[in-house]
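According to the numbering used here, the sequence shown is numbered sequentially starting from 1444. All C-beta atoms, glycine included, are put in the ideal place defined by N, C-alpha and C. Everything on this sheet refers to the single structure shown next.
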Amino acid sequence: ECVLPIIENDEKLYFILIDNFRLDQWEMVKDIVSEHFDFNEDLYFSILPTATPYSRNALFSGLMPAQILKDYPNLWVYESDSRGKNDHEEELINLLLMRWGKDIPFSYHKLNTNSEAERVIDRLKELDKNLLNVMVFNFIDMLSHAGTESKAIRELASDDSAYRSLTRTWFTHSPINKLLKKIAEGGSRIILTSDHGSIRVKRGLKIKGDSETNSNLRYKLGRSLAYDPKMVFDIINPNNYGLPSPNISTRYIFAQNRDFFLYQNNYNHFLNIFEDTYQHGGISMEEMMVPLITLTPKKNK
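And the structure:
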């Protein structure tokens, strides 16, 4: 609904996805973006689980995860598989364009470091030949995970206000700000969005699972889950929700609000590690309500 009308009009488009980018973080940087762009603000809702292997593959393929598995079984990677869960994004985008009947030149770039982003900026004249350029920035996702592993990062993002401020600092000084300015100078439009957000978790819920249960703290899937059904949102029939079912008895459970899942073994130890960290995969406004911003360069007015 957002991308097709632009490329069907033969307008060049940059689709920029900032992994784990929350609506309140957009509010912190939109005044910076508005220096070079007029923008139209909208929202969309991430699918469940609000985790990259599901939400971003669904976004780039235009399909629910179960449909990806059905139509392109070689491109879906189960949780238990050691392969990268998001290694086929460029292929999924290409397949989506083919289903749309759009045989157009496009590029895809996953940017994990400033140097990678700088190299893309250096190639903008070349990329401007494409009708569609897709870019994924992983910094905020890496920041949220670093808060789990680093006490220093956890102190810097000690609450939601500090987390938002840290986002603004990054955005101001990172190559993405330079990239947006260069794209504006070239006259191309941008869709700026994310695949999911995250939430600062507070309360650990005890569950039981077998060795094949996935490790995410906000959602679990497995065939031997034991939990309090009053405390979670559970899905007994995954296919009804467009989710893969590795086994006939697989079910999904999702943490809500600021809860997160812990096993009874060493409960207090892991509670101390993960309490007050940013997690995603479950059900909350922060995880599910995703900014969807269309940017038009001001000189195009």
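For Q1707, the secondary structure class from DSSP, reduced to helix, strand or coil, is coil. Taking all protein chains shown into account, F1614 has 16 or more neighbouring C-beta atoms within 10 Å of its C-beta and is therefore buried. L1635 sits close to L1738, with the two beta carbons spaced by under 8 Å. Per DSSP, H1479 lies in no alpha helix (DSSP H) and is assigned neither H nor E.
Bridge partners of D1485 according to DSSP: L1735. Secondary structure of Y1684 (DSSP, three-state): helix. Beyond the five residues adjoining it in sequence on each side, E1718 comes within less than 6 Å, by CB distance, of no other residue in the same chain.
Here DSSP, grouped into helix, strand and coil, assigns R1465 to coil.
Contact between L1648 and F1703 is confirmed by a C-beta separation of about 7 Å, below the 8 Å threshold.
Here L1567 is actually not in contact with G1665; their C-beta atoms are around 45 Å apart, not less than 8 Å. Sorting N1683, E1478, K1624 by C-alpha distance to the C-alpha of M1507 places N1683 at the top. The count of Cβ pairs closer than 8 Å, one atom from the region 1483-1503 and one from the region 1528-1537, reaches three, so the stretches are in contact. Per DSSP, reduced to three states, the secondary structure at T1556 is coil, with no helix or strand assignment.
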